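Here is the structure we will look at.
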Amino acid sequence: MFGIAHFIRRIWRHPSNQGRRLRALARAAAWRVTSAVTGAPTELKAMGGLRLKVYPDSGVALGLVCYNARPEYHEMGLVQHLLRPGDRFVDVGANIGYYTLLAASLVGPAGAVEAFEPGQPALDRLRENVALNRLLNVRVHALALSDAAVTARFLTGRDTTNRLA
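Below, the structure is given as structure tokens:
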């Protein structure tokens with residue numbers, strides 16, 4: 010487990026918080042307190058003017074809150090650089106949909122996003138975030154992808170680390 014100093018350093022150094030470090034620290038502290046007290050989900054402003062609902066019981070939620078909805082800053086920047094209106098995007102292991110939303114905002118109504126998520130509750134939350142934003146260019150698939158047609162065991166109850174056994 011990381012200490013508070015490590016947590017603060019990570020927020021302070023993250024590229025998405027450049028020029029707004031104190032705001033990011035305040036947002037993280039408020040999230041920790043509010044989520045502990047209420048247990049209620051929060052809506053974040055996400056990429057392309059979309060909204061992302063995050064839940065306090067999710068490990069990915071804290072990263073989204075602390076890093077201005079861009080926890081994987083460089084990877085998300087690459088997606089932003091590559092996708093154009095009308096493109097197709099496949100999000101394998103979509104979780105709650107932050108790449109799905111990013112891609113949907115970039116490919117626009119002429120494009121398409123195929124989001125694959127086999128695990129609960131991430132699948133429900135992915136569907137909720139797609140519906141929240143009325144994304145008609147996104148199709149959600151409740152399954153895992155593989156290079157072979159097989160039946161496999163899936164480990165669940167591990168939030169963002171759900172995976173094939």
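Numbered according to this note's numbering, the sequence shown spans residues 10 to 174.
Even glycine gets a Cβ: it sits at the ideal position worked out from N, Cα and C.
Note that this is a predicted model, so its numbers are computed, not measured.
Residue i and residue j closer than 8 Å at C-beta
{"i": "residue 146", "j": "residue 62", "result": "no"}
{"i": "residue 40", "j": "residue 51", "result": "yes"}
{"i": "residue 113", "j": "residue 144", "result": "yes"}
Given residue i as reference, the closest of the options once Cα atoms are compared
{"i": "residue 149", "options": "56, 103, 156", "result": "103"}
{"i": "residue 93", "options": "77, 79, 121, 101", "result": "121"}
{"i": "residue 80", "options": "118, 133, 55", "result": "55"}
{"i": "residue 117", "options": "130, 43, 89", "result": "89"}
{"i": "residue 14", "options": "38, 77, 84, 110", "result": "38"}
{"i": "residue 96", "options": "106, 164, 111", "result": "111"}
Local Cβ density within 10 Å of residue i, reported as buried at 16 or more and exposed below that
{"i": "residue 24", "result": "exposed"}
{"i": "residue 154", "result": "exposed"}
{"i": "residue 156", "result": "exposed"}
{"i": "residue 160", "result": "exposed"}
{"i": "residue 133", "result": "exposed"}
Cβ-Cβ separation, residue j to residue i (assumed contact under 8 Å), whole Å
{"i": "residue 126", "j": "residue 151", "result": "7 Å"}
{"i": "residue 34", "j": "residue 20", "result": "6 Å"}
Whole-angstrom distance between residue j and residue i, CA atom to CA atom
{"i": "residue 142", "j": "residue 135", "result": "11 Å"}
{"i": "residue 57", "j": "residue 115", "result": "7 Å"}
{"i": "residue 162", "j": "residue 98", "result": "26 Å"}
{"i": "residue 109", "j": "residue 27", "result": "24 Å"}
{"i": "residue 66", "j": "residue 72", "result": "12 Å"}
{"i": "residue 78", "j": "residue 158", "result": "35 Å"}
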